[in-house]
Amino acid sequence: MRVLVIEDNDRLSELLAEGLSRRGFSCDTAGSLSCAADFLAVTRYDGIMLDLGLPDGDGVDWLKSLPSDHAPVLVLTARSTIGERVTGLDAGADDYMVKPADPDEIAARLRAMMRRPGARGVTALEVGVLRFDPATREAQYRDIPLRLGRRESGLLESLMR
């Protein structure tokens, strides 16, 4: 599963990407909304993790401007009041977490978002007779299910992208 991490704190961004990579995700990081726009113009993501306080704009406004077919968005921010959470979710976030957050929970919420029926941005990968669904982590060869561990499925996904 490919995730775009939008976070202006370089160290936190690095830690998030490393933690998600260890849990089978492939990550790109953007430190600003303009950098995120550049990534989104050339890459299709299965999920987006978004901090709301960014140097070149507010994440809530950015959420409202996303096209309807965008990948699911998990907000990870320091904004913690109920009103701020409701605003983020109403603006288009699919889930909302307050920092600090546990890496296992972040990964679980991303997987859950991507499993939801109609999750935007999630597409099965196909190369010849090999098929891999990043949302369910299921692989098939000539329609025969393959049993893959976490590392194997992460490697297969990386190679197929």
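Taking the numbering used here, the leading residue of the sequence shown gets 1, the next gets one more, and so forth. Cβ atoms here follow ideal geometry from the backbone N, Cα and C, with glycine treated the same way.
Item	Value
Report, in whole angstroms, the separation of the C-beta atoms of L52 and R23, which I expect to be a contact under 8 Å.	At roughly 23 Å, the Cβ-Cβ gap does not stay under 8 Å, so L52 and R23 are not in contact.
Have a look at the DSSP bridge pairing and note the partners of V75.	L50, Y96
Am I right that L74 and R109 are in contact with their C-beta atoms under 8 Å? What's the rounded C-beta distance?	6 Å
Can you tell me which of G19, E18, C27 puts its alpha carbon nearest to the alpha carbon of V5?	C27
Mind checking whether P55 and D94 have CB atoms under 8 Å apart?	no
In chain order, what are the residue ranges of uninterrupted beta strand (DSSP E) at least 3 long that sit wholly in the stretch 2-48?	2-6, 26-30
Hey, L125 and E157 are a contact pair by Cβ (cut 8 Å); roughly how many whole angstroms apart?	7 Å
Does the beta-carbon of G59 have 16 or more other beta-carbons within 10 angstroms, so that it is buried, or is it exposed?	buried
CA-CA distance, R150 and G19?	14 Å
So what does DSSP say about V127, is it helix, strand or coil?	strand
Pick helix, strand or coil for G57, following the three-state DSSP scheme.	strand
Taking DSSP's pairing of strands, which residues face D133 in a bridge?	E138
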